[in-house]
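Numbering (the numbering used here), first residue to last: 5 to 278. From the three backbone atoms N, C-alpha and C, an ideal C-beta is built for every residue, glycine too. All values reported here derive from a predicted model rather than from experimental measurement. To start, the structure under review is shown below, and the notes come after it.
In structure tokens form, the structure reads like this:
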């Protein structure tokens with residue numbers, strides 16, 4: 005009787021909790037990139053952020069959206085992919101603008117220091133542009149215009165979408181597509197793990213950031229398991245948690261047994277989705 009009398013309170017609370025969990029899934033993945041974005045704008049230096057993070061997340065989330073057409077899953081997971089794609093494009097736009105501006109400034113300073121006064125007009129020369137349409141593998145994902153990145157993303161989406169359209173009736177293809185999507189995202193922390201191993205140090209890596217990754221991945225995995233998401237998502241979440249714990253283990257081990265670093269070695273801060 006008392007339980008029935010509390011329904012008027014418990015039902016709205018459960019609904020609010022469900023909305024809160026869904027909101028955390030949709031927007032939680034982009035939270036680490038907000039301070040990163042602001043820091044790049046403030047310092048006008050994008051060296052600490054690898055645009056290959058954007059590449060991995062764009063590929064993973066495009067594949068996840070295509071997987072949705074073959075096997076419907078929770079709407080918050082679909083919207084999470086849409087929000088993450090938009091966030092990565094914004095990060096790419098800012099990083100490209102900052103990097104190109106810095107390259108131009110370096111070029112100008114080089115001309116100012118090495119060219120005679122009668123050839124000052126060459127100081128304004130723009131560094132050679134790198135375009136997506138050059139199809140140069142040496143400059144892949146390191147182009148001079150944000151439009152090139154957009155063209156590449158649209159081309160990949162078009163090809164992947166066409167293949168998915170042709171194979172949408174194949175259960176094996178759909179399941180493989182979902183596995184590739186989540187495996188790509190799950191592997192995002194591996195480069196950081198490998199970098200730490202090579203340098204025998206976690207200098208330059210934010211422990212707070214890794215703790216944020218771990219808590220976010222643990223929450224995400226619990227969400228997958230409790231809401232009956234496809235098996236690929238649960239495997240992805242568990243793998244991400246294991247990678248996060250491995251990185252934290254490296255931080256603990258290398259702090260207890262520090263190695264002398266090579267002076268010129270750098271350790272850019274990496275970032276990943278929650």
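Top-ranked residue by Cα proximity to residue i, from the options
i: residue 251; options: 237, 80, 228 and 214; result: 214
i: residue 91; options: 110, 172 and 59; result: 59
i: residue 61; options: 175, 109 and 33; result: 33
i: residue 224; options: 238, 211 and 234; result: 238
i: residue 205; options: 242, 170 and 258; result: 258
i: residue 49; options: 255, 152, 190 and 107; result: 107
i: residue 246; options: 203, 191, 212 and 211; result: 191
i: residue 95; options: 40, 141 and 66; result: 40
i: residue 68; options: 38, 145, 35 and 240; result: 240
Cβ shell of residue i (< 6 Å), same chain only, five flanking positions each side left out
i: residue 71; result: 181, 182 and 185
Residue i to residue j span [Cα, whole Å]
i: residue 137; j: residue 187; result: 29 Å
i: residue 104; j: residue 148; result: 6 Å
i: residue 226; j: residue 97; result: 33 Å
i: residue 176; j: residue 217; result: 31 Å
i: residue 73; j: residue 165; result: 10 Å
i: residue 21; j: residue 101; result: 40 Å
i: residue 80; j: residue 27; result: 7 Å
i: residue 18; j: residue 220; result: 21 Å
i: residue 174; j: residue 47; result: 49 Å
i: residue 193; j: residue 87; result: 20 Å
CB contact flag (residue i, residue j, <8 Å)
i: residue 53; j: residue 44; result: yes
i: residue 254; j: residue 200; result: yes
i: residue 189; j: residue 64; result: yes
Cβ neighbours of residue i in the same chain (closer than 7 Å, five flanking residues each side left out)
i: residue 231; result: 78
i: residue 143; result: 134
Residues of its chain near residue i, where Cβ-Cβ distance is below 8 Å and the 5 sequence neighbours each way are ignored
i: residue 154; result: 93
i: residue 179; result: 75 and 236
i: residue 233; result: 77, 78, 81 and 227
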